[in-house]
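Scroll down for the structure; my scribbles are underneath it.
In my numbering, the protein residues as written are 4 to 262.
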């Protein structure tokens, strides 16, 4: 895949890195950038052998500062694709694991983008906020829905109702981010996590992610009933399940096919 107008793409083995590339606007997104990223996420799932995606921002100031309000004031247009902010926030069953490598400010929609990812790795310069109430909006594109699920209702309401900023240290302490690293080590750290993901069976990972999300609000008895999750049967009967057992017995790395 080639670089686009508002983003850069690097595919290295089983891992794709997507970089939002609007540093002059703190990687804030306007309609064309949203559509471009939506197309990228669509295309990534068609690439054979791809196992994980990293998304980050260009420069050292911002991961993504949300919607480009300056562009909105200039054009009068505020539009999102059906896939949501950054072409991703409305995707609730994306086939590939996605890691947010947060290199700076993640504000509004940018924070919502990070929340939509499976794992957040933060640089020591990262910060997170949902400042929408300060400008008369509400963070309804995933912020107020996903943040309580990520860190619990009381901690989430503290952030949602004040619009305050959470730094990287606090993000790790409250379970929002999985790791904080020096800014210069961010992408290598994110890749380390992605490589661990890529070493696992892709169908099994998709099943685990699907059940984790779908069962979150279910009564425990229903969540434990695999009849509610047909993909679990497919995983147990898959070629990869056989390969995993065989590789374990033969003391060698498994070769996954995703089947």
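Beta carbons: idealized from backbone N, C-alpha and C, even for Gly.
Candidates 17, 107, 204: closest to residue 248 by CA position: 204
Nearest to residue 213 (by Cα), restricted to the options 94, 162, 157: 94
Can you tell which of 9, 122, 78 has the C-alpha that lies nearest to the C-alpha of residue 99? 122
Within a Cβ cutoff of 8 angstroms, which residues of the same chain sit near residue 38, ignoring the five residues on either side of it in sequence? 84, 90
For residue 182, which residues in the same chain have their Cβ closer than 8 angstroms to its Cβ, ignoring the five residues on either side in sequence? 124, 125, 175, 192, 196
Please state whether the Cβ-Cβ distance between residue 112 and residue 155 is less than 9 angstroms. no
Are the stretch 158-174 and the stretch 232-248 touching by the rule of at least three beta carbon pairs closer than 8 angstroms? no
Find out if the Cβ-Cβ distance for the pair residue 59, residue 22 is shorter than 9 angstroms. yes
Buried or exposed: residue 190, going by 16 or more other Cβ atoms within 10 Å of its Cβ? buried
Span separating the alpha-carbon of residue 119 from that of residue 217: 14 angstroms
Nearest by alpha-carbon distance to residue 261: which of 251, 253, 252, 245 is it? 245
Quick check: the Cα distance between residue 202 and residue 250, rounded to an integer number of angstroms? 13 angstroms
In three-state DSSP terms, what is residue 51? coil
May I ask which residues mark the beginning and end of the alpha helix (DSSP H) holding residue 234? 234-239
Pull up the CB-CB distance for residue 110 and residue 69, whole angstroms please, since I reckon it's below 8 angstroms. 5 angstroms
For residue 111, which three-state DSSP category applies? coil
According to DSSP, simplified to helix, strand and coil, what is residue 131? strand
Of all the options 158, 97, 74, which has the alpha carbon lying nearest to the alpha carbon of residue 56? 97
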